[in-house]
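Data block below; observations after.
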Amino acid sequence: AQSVAQPEDQVNVAEGNPLTVKCTYSVSGNPYLFWYVQYPNRGLQFLLKYITGDNLVKGSYGFEAEFNKSQTSFHLKKPSALVSDSALYFCAVRDLYTRGAGSYQLTFGKGTKLSVIP
Amino acid sequence: KAGVTQTPRYLIKTRGQQVTLSCSPISGHRSVSWYQQTPGQGLQFLFEYFSETQRNKGNFPGRFSGRQFSNSRSEMNVSTLELGDSALYLCASSLALGVSTDTQYFGPGTRLTVL
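Taken in order, these protein sequences are the chains called A and B.
The numbering of the first sequence is our numbering, which starts it at 127 and goes up by one.
The numbering of the second sequence is our numbering, which starts it at 72 and goes up by one.
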């Protein structure tokens, strides 16, 4: 079965410094990987996704993620953190091998709380 | 284009009651999925609908059910509420034109509190 691990419950970073939020995954077939962000009392907001091709994916609000097949990782990065980036970040995977080509279901990690300190 | 809308945003019920939550997908989107979010279990998949048919179902008891209408709007129902059903229920929609790479876009959620 597919699974996603976010090894850090919380990440603290100073404003202006680069940030990394880690994610590793396990799927049977080719992974489709997603990052979402959740602000307090809000739904999930899509940041970026990896489907195929270039291992470095660029997304919204200056975020990017690096896909590494050998390490089964999909870490979220940003060169310079903003206080407004403080939120809960979720990594998710869609495994078509298990769920079938017609499914859009996502399996989520537990989430990482990012705190950007002014 | 309007995003995914969910009603009501907040709901308080007592144990044993039933509840119906509503979701309107983004215009033109044909697939709707539901997720439950709790502090302990995180985000868990409930079910997924396309063209009024349930395609997948998560590992939840039969008290949880859903349906999709011909206009792609969806409802989920929880009968005989338990305290553990207190959660944020999120709806997500996808364009679903046969491309499995589609992104799911989420609504703001319905916060259900069971007393």
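We put the CB at the ideal spot given by N, CA and C, even for glycine.
Check: Separation of B/D173 from A/L173, as counted between CA atoms; Outcome: 13 angstroms
Check: B/G113 in three-state terms, based on DSSP; Outcome: strand
Check: Alpha-carbon spacing of A/A127 relative to A/V153, whole angstroms; Outcome: 7 angstroms
Check: Beta carbon proximity, B/L154 to chain A, threshold 7 angstroms; Outcome: no
Check: Backbone secondary structure at B/V103 - three-state DSSP; Outcome: strand
Check: C-beta neighbour in chain B for A/L170, strict 7 angstroms; Outcome: yes
Check: Whole-Å CB distance - B/G180 paired with A/G169, under 8 angstroms assumed; Outcome: 5 angstroms
Check: Inter-residue Cα distance where the pair is A/L208 and A/K175; Outcome: 21 angstroms
Check: Option nearest B/E153 by Cα separation, candidates B/F177, B/E123, B/Q115 and B/L186; Outcome: B/L186
Check: Nearest candidate by alpha-carbon position, reference B/V103, set B/T91, B/V90, B/L117 and B/T109; Outcome: B/L117
Check: Contacting residues, own chain, Cβ-Cβ under 7 angstroms from B/F121 (five flanking each side not counted); Outcome: R101, S102 and A167
Check: Beta strand (DSSP E) runs contained entirely in the segment 179-235 of chain A, provided each spans 3 or more residues; Outcome: 182-184, 190-194, 199-204 and 213-221
Check: Unbroken stretches of the beta strand (DSSP E), 3 residues or longer, contained in the segment 114-164 of chain B; Outcome: 124-128, 135-139 and 145-149
Check: A/S154 - DSSP class collapsed to helix/strand/coil; Outcome: coil
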